[in-house]
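Step one of this worksheet: look at the structure below.
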Ligand SMILES: Cc1ncc(C[n+]2csc(CCOP(=O)(O)OP(=O)(O)O)c2C)c(N)n1
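Residue numbers (this note's numbering): 938 to 1318.
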């Protein structure tokens, strides 16, 4: 029996809880997720990572009037549990059972049918524009992972939304992972933003130190203040989001419900497009998944105590493909492997281990992946 979860069936029930009860609820939801996914299989690690974030979103916003768009949608289990589908979660991945992704036919709380990544900001912007034309004032929120943010469509949508001046909230769920480790320049940018807090702290310490130095101390601090604006861009790369038209809030601890609610409440008073940068841990609360987030991204039924899958994995198409490609690459140096953030799903893990210089993970960017092969160079894969 669950002390809190048994009482919570929808966001209205959730809103009645105090912060301690919500923390207890987060614990109970994690146990429920583990119990369900270990039996039925499913996307575990991503959902464990968004428990507090989902609780905070449904505590602050008013779904279904406020529209929440989950990018990819594989991380919507907690949302489903909190929006009237707690019992149905037991039928996940069963014939006739609940979907593992948002489905408008399943619930009014699911604002869009998803599956492919990097679409949420476009969808949310469309909803925001429709809202404006209808003179309504509901909020529209896109929740997108740092992996999905590497997709071209997400960039196109940021470009459009940033200049739109309309009210749209992009919650960036940054766990440094796609299915496997996230790759590329955007993740590197996010890492720089994450260390911003360290910069702010050390900057204040330096200021305090120079303020105490007689005669030359204060002029140094004043001079630093003048040049601060120009170096800010270099040191604090969140200016990237601000420069393209977003108000940037964060980074915030994605496992602290109070902090999350504070920042989401604050965002409601800001006009125009907003990015809220939330730092989470994929697999949070289940140590085996925290240590192997890629294995527990999508998994078949498994033993909770050991994390071992119940069915021995058969040699599937992807594995056969991976082995054949290794075969070909051993014979021919011109053979390369290109993947759009799907090295596990396409059987290329072993290829990467054997031929790291001929393996290219380009991020969730299928169009780019298809075009990157060197038609006029020495390599054509
Ligand atoms: C266009 C497209 N390419 C690949 C996938 C497969 N896929 C599903 S989830 C995922 C990783 C998403 O990473 P992120 O957005 O950071 O979410 P996380 O799982 O880390 O929470 C990928 C590559 C997909 N759904 N859509």
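Heads up, the beta-carbon is just placed ideally off N, CA and C, and yes, glycines get one too.
Predicted model, so just to flag it, every value in this text is computed and none were measured.
### Query
Closer than 6 Å: is that where the CB of residue 1054 sits relative to any heavy atom of ligand 1?
yes
### Endpoints, the alpha helix (DSSP H) within which residue 1109 is located
Not the alpha helix (DSSP H): residue 1109 falls in the beta strand (DSSP E), residues 1105–1111.
### Task
Since I believe residue 1034 is in contact with residue 1041 (beta carbons under 8 Å), could you give me their beta-carbon distance rounded to a whole number of angstroms?
With 8 Å as the limit, residue 1041 and residue 1034 do not qualify as a contact, their Cβ atoms being about 17 Å apart.
### Query
In or out: residue 1012 buried (at least 16 other Cβ within 10 Å) or exposed?
buried
### Query
Would you say the beta carbon of residue 1228 comes nearer than 6 Å to a heavy atom of ligand 1?
no
#### Entry: residue 1190 - DSSP class collapsed to helix/strand/coil
strand
### Query
Can we count residue 1092 as close to ligand 1, meaning its CB is less than 6 Å from some heavy atom?
no
### Query
Which partner residues does residue 1231 have in the DSSP bridge list?
None; residue 1231 has no bridge partner.
### Query
Does ligand 1 have a heavy atom nearer than 6 Å to the CB of residue 1114?
yes
### Query
For the candidate residues 951, 1050, 1075 and 1062, whose alpha-carbon lies nearest to that of residue 1020?
951
### Message
Just list the residues that DSSP pairs residue 1006 with in beta bridges.
### Response
1079
### Message
For a test of your reading of the model: does the CB of residue 1015 fall under 6 Å from any non-hydrogen atom of ligand 1? Yes or no.
### Response
no
### Message
I'd like the ranges of any alpha helix (DSSP H) spanning at least 4 consecutive residues and lying wholly in the stretch 1258–1318.
### Response
1286–1291 and 1303–1308
### Task
Given a cut-off of 7 Å, decide if residue 1079 and residue 1107 are closer than it, judged by their beta-carbon atoms.
yes
### Task
Tell me whether residue 1185 is buried or exposed, calling it buried when 16 or more other Cβ atoms sit within 10 Å of its Cβ.
buried
### Task
Using the DSSP secondary-structure output, state which residues sit across from residue 1118 in a beta bridge.
1114
### Task
Mark residue 1206 as exposed unless 16 or more other C-beta atoms lie within 10 angstroms of its C-beta, in which case mark it buried.
exposed
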